[in-house]
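Heads up: the sequence shown begins at 937 in this note's numbering, then just goes up one per residue.
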Amino acid sequence: MSEENKNFSKKIKKIFIDPKIFTFKFGCKCQGECCNYGVFTDQKEAEFIISIKDKIIPLMDESQSKNVSNWFEPPEEDEDFDSGFAVGTEIINGKCTFLDKDGLCTLQKLAILEGKHQWEYKPMYCILFPLTIFEGAITIDDEHIDRLKYCNKVDANELTIYETCRDELKHFFGNEAFAELEKYREEYLNEIQIGAEK
Ligand code: SF4
Ligand code: SF4
């Protein structure tokens, strides 16, 4: 992760927190349009996915490629990934190589079939979206949200992106760090409320 991000003051587990996540309204109501563009995985995640190819391939359908060499783009340097390298999943038939014709992620399907946690095999950036890690901070992936046709385009979203993604954030940070995040959120919301009342 990038070491410096001068825009944010709070850091948890070496990651800065963009407080916009506490107030930005978001509703997740479409059928997984976000998977149509693929995802950047950490190189280590891509290598792990390839290592379990024999379990993945039998679950793929005719809209997906069973040829492993078609699954990932070449690695590129990126400090926001633990290994220092990001690897994009390829787009096949207008969708991520791991998305089947029914709109299900094969990696998630495999984990569920094996009785594991549904996100066991899923790249971290898939779990986090519509949040992302950018320049060392957890923030809103507004660039991707904006280019999607349906994502967050419905009116009257009652929840914030933080509330919508609570489980994902807990999974990402772990229980202890998530408790710290909850505390920071309370403090931040109190602070802006006091500011608004002045
Ligand atoms: S995150 Fe956005 S694109 Fe993805 S399923 Fe939810 S609303 Fe749809
Ligand atoms: S790996 Fe799965 S969740 Fe991630 S973009 Fe591809 S189909 Fe979607």
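Cβ coordinates follow ideal geometry from the N, Cα and C atoms, glycine included. For clarity, every value in this text was computed on a predicted model and none was experimentally measured.
What whole-angstrom Cβ distance do residue 997 and residue 1037 have, given they're in contact under 8 Å? 5 Å
Return yes when at least one heavy atom of ligand 1 lies under 6 Å from the C-beta of residue 1084, else no. yes
Looking at ligand 2, does it come within less than 6 Å of residue 1062, judged from the CB to the closest heavy atom? yes
One or two residues paired with residue 911 in a DSSP bridge: For residue 911 there is no data in the structure shown, the boundaries of the chain being 937 and 1134.
Which residues in the same chain have their Cβ closer than 8 Å to the Cβ of residue 1048, if we skip the five residues on either side of it in sequence? 1054
Measuring alpha carbon to alpha carbon, tell me which of 1084, 1083, 1060 and 1033 ends up nearest residue 1106. 1060
Environment of residue 1083 [buried if 16+ CB atoms lie within 10 Å]: exposed
Considering Cα atoms alone, identify which of 1064, 1058, 1041 and 1017 is closest to residue 972. 1041
Nearest by alpha-carbon distance to residue 1057: which of 965, 1133 and 983 is it? 983
DSSP beta-bridge partners of residue 1075: 1068
Restricting to Cα atoms, I'd like to know which of 1133, 1130 and 1118 is closest to residue 955. 1118
Quick one, are the C-beta atoms of residue 1120 and residue 957 less than 7 Å apart? no
Opening and closing residue of the alpha helix (DSSP H) in which residue 1114 lies: 1111-1133
Rounded Cβ spacing between residue 1095 and residue 961 (contact assumed at less than 8 Å): 7 Å
6 Å CB neighbourhood of residue 968 in its chain, flanking five on each side removed: 1039
Compare the Cα-Cα distances from residue 979 to each of 999, 1013, 1030 and 1100 and report the closest residue. 1013
If you compare alpha carbons, which of 1088, 1062, 945 and 1033 is closest to residue 1001? 1033
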